[in-house]
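Peer 1: Heads up: the sequence shown begins at 2 in this note's numbering, then just goes up one per residue.
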Amino acid sequence: MATGVLSMLALRHRSMRRRSSSSGFATVSRWQEYRSTTQNGGTHMRSAPRSGQGLTRRETLGLAAAWQANLIGEERQMSVLRAPEAREGEIAARVRRTHFVDSHEHLVEEPARTHWQPTPLLPCNDWALLFSHYIESDLMVAGMPSEHRSILMSPEKDTAAKWEVLEPWWPAVRNTGYGQAVELAASTLYGIRSLNGTTVRMMAERYTATVKPGFYRRVLRDLAGIESCQVNSLERTFMQSQQPALLMQDISILNLHTPEAWQGHAQEAGIRVSSLADYHRVVDWYFATYGPYAVAVKSQSAYSRELDFQDVPAEAADPIFRRILNGEHPHPQERRKLEDHLFWYCVRKATEYRLPVKLHTGYYAGHNGMPLARVAGNPGHVTELLRRAPETTFVLMHICYPFHEQMVALAKHWHNAVVDMCWSWIINPEAATQFLRSFLMAAPSSKILTFGGDYIPVEPVIGHAMIARHGITLALNGLVRDGWLTQSAAIDLVEPLMRGNARRIFMLDEKEKVLANAPWLHKPISSARS
């Protein structure tokens, strides 16, 4: 039987080594049409050259007989024998029709966009805002001077001045994942396929016309194909969203386990803090108040330290906390012990409320500041967290790029590890595509989440979702073409990969019911945020 299976695999490889010109995401034909008609140095997408010759009729009949003798089920036999073009088209169509559950965003509330005021998160209110997150870093490392970046983000400079500083650097970054996300969003949302001195004026006009009440729902659901987002607010520990079913929320535990932030949290909770036990009550208040409405908790402490959190008992942490209350500055090693203790206190509260713990791993946002040696240690340190908290589900974000193969091993070995591909599709689209292939061949498909836009402005989420759909389609088509999956098996994976896993892991059926009656929806907006 083993010899027969190997023979069939060899035949199957031969029959599947043809690439289709079809692919799939928001609409694949739109991706190809966009690329083929992009001007000003645009890329032309072409189907890969075919290798090998098609099977003869006799070989085809022989192959069918071999499969009939060794496999169970007529559907599986027929799926293997179909032409690659039909097979890949069906996968693309399923990916295109399936909505994402978006597991990670930093979106501000829609009124912050429609009634704009300048903030660090929203420095301007024009077309240049699409260049304020992520692509800005590519522009800077490409060579854009910081003073030109200031002009691009200025709320006072006009379109001509902004284009003048962007134009020299745009050709160098439009090929990156960050650049493609912006370009695809501009094409879909504004009908602009190539950014130049003429079309940028059109983009400015259409940006203004687009930003109006209701545009979040149009961008996310209608154009990006997203049924719901999970927002890690950068403004509050928990954002009481006015669109809670669309913009579901994490509890941000980063500041909760940062000792110096105690005062603001205590004030919000209305609890007088004079000891670590009092501060525990503050943390308890956040979970009691928002835990039923949150989908997860999130910490991005990997930006400032290793993830080697030790389980420090309260008795050892309390004296250090009292010194901070008295205005002292403990030694960094002492402070770290307190932070470790508070991290584990938050993790245990999250587990009590059945909330997964999302952790940033891998690549850093920004530029000129990533200590790669620290990043390389993330997978090993996470292993110890998984061991210490077997009842806690850890969602390991961003595939820990560029150390993503180790995350496949973590998901394969540890029952409580889930890997999230959020952000990864625009960090490196090719690496993300290969990661998904590798993951599906090694780890249970139930342990991966495939999309999170990770944006502050909502518009580029469209482009990111298109890139992700394209990558998912390429990965699944490749596994079928190379003989690792049948067509039907690949199609069956689409729904859980794009939405089903997320709905189960974050218990969205339950959360949707609770959020429909969120108490802050009945309060004035000005008092409905925390």
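Every residue, glycine too, gets a C-beta built ideally from N, C-alpha and C.
Can we say the segment 341 to 355 touches the segment 292 to 299, given the rule of at least three CB pairs closer than 8 angstroms?
Peer 2: Because the criterion of three Cβ pairs below 8 angstroms is met, the segment 341 to 355 and the segment 292 to 299 touch.
Peer 1: Output the distance between the C-alpha atoms of Arg218 and Ala187, rounded to the nearest integer angstrom.
Peer 2: Locating residue 218 in the sequence shown gives position 217, counting from the first residue. Locating residue 187 in the sequence shown gives position 186, counting from the first residue. About 17 angstroms.
Peer 1: If you follow the alpha helix (DSSP H) that Pro506 is part of, which residue opens it and which one closes it?
Peer 2: Counted from its first residue, the sequence shown places residue 506 at position 505. This sequence places Ile at residue 506; Pro is not what is there. 502 to 506 is the span of the alpha helix (DSSP H), which, as asked, contains Ile506.
Peer 1: Please name the residue, chosen from Leu387, Gly381, Gly370, Thr362, that lies closest to Met422 on a Cα-to-Cα basis.
Peer 2: The residue you call residue 422 lines up with position 421 of the sequence shown. Of Leu387, Gly381, Gly370, Thr362, the residue nearest in Cα terms is Thr362.
Peer 1: Can you tell me whether Ala278 is buried or exposed? The criterion is at least 16 other CB atoms within 10 Å of its CB, across all chains shown.
Peer 2: Here residue 278 refers to the residue found at position 277 when the sequence shown is read from its first residue. Counting Cβ neighbours within 10 Å, Ala278 comes out exposed, since fewer than 16 surround it.
Peer 1: How about Gly464 and Ala182: do their beta carbons lie closer than 8 angstroms?
Peer 2: By one-based count along the sequence shown, residue 464 stands at place 463. By one-based count along the sequence shown, residue 182 stands at place 181. The answer is yes: Cβ separation under 8 angstroms.
Peer 1: Report yes if the C-beta distance between Leu123 and Leu131 is below 8 angstroms; otherwise report no.
Peer 2: Taking the sequence shown and counting its residues from 1, one reaches residue 123 at position 122. Taking the sequence shown and counting its residues from 1, one reaches residue 131 at position 130. The answer is no: Cβ separation not under 8 angstroms.
Peer 1: Over what stretch of residues does the beta strand (DSSP E) that includes Glu228 continue unbroken?
Peer 2: Numbered from its first residue, the sequence shown carries residue 228 at position 227. First-last of the beta strand (DSSP E) with Glu228: 227 to 232.
Peer 1: Take Lys524 and list the residues in its own chain whose beta-carbon comes closer than 6 angstroms to its own, dropping the five residues that flank it on each side.
Peer 2: Translated into the one-based positions of the sequence shown, residue 524 becomes position 523. So the list is empty, once near-sequence residues are dropped.
Peer 1: Looking at the secondary structure, which residues open and close the beta strand (DSSP E) in which Phe322 lies?
Peer 2: Within the sequence shown, residue 322 is the residue found at index 321, counting from 1. Per DSSP, Phe322 belongs to no beta strand (DSSP E); it is in the alpha helix (DSSP H), 315 to 326.
Peer 1: Using only the alpha-carbon positions, how far apart do Asp493 and Leu522 sit?
Peer 2: For this step, residue 493 is matched to residue 492 along the sequence shown. For this step, residue 522 is matched to residue 521 along the sequence shown. Straight-line Cα distance between these residues: approximately 38 angstroms.
Peer 1: In angstroms with no decimal places, state the Cα-to-Cα distance between His281 and Arg349.
Peer 2: Your numbering for residue 281 matches position 280 in the sequence shown. Your numbering for residue 349 matches position 348 in the sequence shown. The straight-line gap from Cα to Cα measures roughly 12 angstroms.
Peer 1: Check this for me: beta carbons of Ala318 and Leu339, under 8 angstroms apart or not?
Peer 2: For the purposes of this step, residue 318 is taken as the residue at position 317 of the sequence shown. For the purposes of this step, residue 339 is taken as the residue at position 338 of the sequence shown. The answer is yes: Cβ separation under 8 angstroms.
Peer 1: Check whether the Cβ atoms of Trp171 and Leu153 sit closer than 8 angstroms, and answer yes or no.
Peer 2: Counted from its first residue, the sequence shown places residue 171 at position 170. Counted from its first residue, the sequence shown places residue 153 at position 152. Going by C-beta atoms, Trp171 is not nearer than 8 angstroms to Leu153.
Peer 1: Does the segment 296 to 309 come close enough to the segment 377 to 393 that 3 or more CB-CB pairs lie under 8 angstroms?
Peer 2: Yes, the segment 377 to 393 is in contact with the segment 296 to 309.
Peer 1: Between the alpha carbons of Glu460 and Arg114, how many angstroms are there, rounded?
Peer 2: Numbered from 1 along the sequence shown, position 459 holds the residue referred to as residue 460. Numbered from 1 along the sequence shown, position 113 holds the residue referred to as residue 114. Each residue's Cα considered, the two are about 11 angstroms apart.
Peer 1: Enumerate in chain order the residues of its own chain whose CB-to-CB distance from Leu437 is below 6 angstroms, with the five nearest sequence positions on each side excluded.
Peer 2: Position 436 of the sequence shown, counted from the first residue, corresponds to residue 437. Once the five neighbours on either side are set aside, the close Cβ partners of Leu437 are Ala476.
Peer 1: Helix or strand or just coil, what does DSSP make of Asn518?
Peer 2: Stepping through the sequence shown from its first residue, residue 518 is reached at position 517. Coil.
Peer 1: With a threshold of 16 other CB atoms inside 10 Å of the CB of His107, please say whether the residue is buried or exposed.
Peer 2: The residue labelled residue 107 in the question sits at position 106 within the sequence shown. His107 is buried by the Cβ-count criterion.
Peer 1: Closer than 8 angstroms by C-beta to Met204: which residues in its own chain qualify, once you throw out the five before and the five after it? Chain order, please.
Peer 2: Start at 1 with the first residue of the sequence shown, and residue 204 comes out as number 203. Closer than 8 angstroms at the Cβ level, and outside the excluded window around Met204, lie Trp128, Ala187, Tyr191, Ile193, Leu196.
Peer 1: Asp279 bridges to which residues according to DSSP?
Peer 2: Along the sequence shown, one-based indexing puts residue 279 at 278. For Asp279, which the question treats as bridged, DSSP gives no partner whatsoever.
Peer 1: Quick check: the segment 448 to 455 against the segment 497 to 507, are at least 3 beta-carbon pairs closer than 8 angstroms?
Peer 2: A contact exists between the segment 497 to 507 and the segment 448 to 455.
Peer 1: To the nearest angstrom, how far is it from the Cα of Glu157 to the Cα of Asn126?
Peer 2: In the sequence shown, residue 157 corresponds to position 156, counting from 1. In the sequence shown, residue 126 corresponds to position 125, counting from 1. Cα-Cα distance, rounded: 10 angstroms.
Peer 1: Taking the DSSP output, what are the residues bridged to Glu335?
Peer 2: On the sequence shown, residue 335 is found 334 positions in, with the first residue counted as 1. In DSSP, Glu335 forms no bridge with anything.
Peer 1: Buried or exposed for His332, please, with buried defined as at least 16 other CB atoms from any protein chain shown within 10 angstroms of its CB.
Peer 2: The residue you call residue 332 lines up with position 331 of the sequence shown. Per the 10 Å Cβ criterion, exposed.
Peer 1: Where do the N-terminal and C-terminal ends of the alpha helix (DSSP H) with Gln264 fall, by residue?
Peer 2: If you number the sequence shown from 1, residue 264 lands on position 263. 263 to 270 is the extent of the alpha helix (DSSP H) around Gln264.
Peer 1: State yes or no: is the beta carbon of Trp117 nearer than 8 angstroms to at least one beta carbon in chain D?
Peer 2: The structure shown contains no chain D; it is built from a single protein chain.
Peer 1: Of the residues Arg375, Asp312, Tyr456, Glu406, which one's Cα is nearest the Cα of Glu385?
Peer 2: If you number the sequence shown from 1, residue 385 lands on position 384. With distances taken between Cα atoms, Glu385 lies closest to Asp312.
Peer 1: When DSSP builds the beta bridges, which residues end up paired with Glu106?
Peer 2: Position 105 of the sequence shown holds residue 106. In DSSP, Glu106 forms a bridge with Val232.
Peer 1: Helix, strand or coil: which one does DSSP assign to Met154?
Peer 2: Working through the sequence shown from its first residue, we reach residue 154 at position 153. Here Met154 sits in helix by DSSP.
Peer 1: Hey, how far is the Cα of Thr238 from the Cα of Tyr304?
Peer 2: The residue given as residue 238 occupies position 237 in the sequence shown. The residue given as residue 304 occupies position 303 in the sequence shown. One C-alpha to the other measures close to 18 angstroms.
Peer 1: Using only the alpha-carbon positions, how far apart do Phe101 and Gly265 sit?
Peer 2: Reading the sequence shown from its first residue, position 100 is the one you call residue 101. Reading the sequence shown from its first residue, position 264 is the one you call residue 265. If you take the alpha carbons of Phe101 and Gly265, they lie about 36 angstroms apart.
Peer 1: Going residue by residue through the segment 400 to 481, where are the continuous beta strand (DSSP E) segments of at least 3 residues, counting only ones entirely within it?
Peer 2: Fully enclosed beta strand (DSSP E) runs of 3 or longer: 418 to 421.
Peer 1: Would you call Leu373 buried or exposed, if buried means 16 or more other Cβ atoms sit within 10 Å of its Cβ?
Peer 2: Numbered from its first residue, the sequence shown carries residue 373 at position 372. By the neighbour-count rule (16 or more Cβ atoms within 10 Å), Leu373 is not buried but exposed.
Peer 1: Going by Cα to Cα distance, which pick from Asn417, Ser104, Ile400, Lys514 is closest to Arg389?
Peer 2: The residue you call residue 389 lines up with position 388 of the sequence shown. Taking only the C-alpha atoms, the option nearest Arg389 is Asn417.
Peer 1: Within a Cβ cutoff of 8 angstroms, which residues of the same chain sit near Val96, ignoring the five residues on either side of it in sequence?
Peer 2: For the purposes of this step, residue 96 is taken as residue 95 along the sequence shown, with counting starting at 1. So the qualifying residues of the chain are Gly25, Phe26, Arg470, Ile473, Thr474, Leu477, Val495, Met499.
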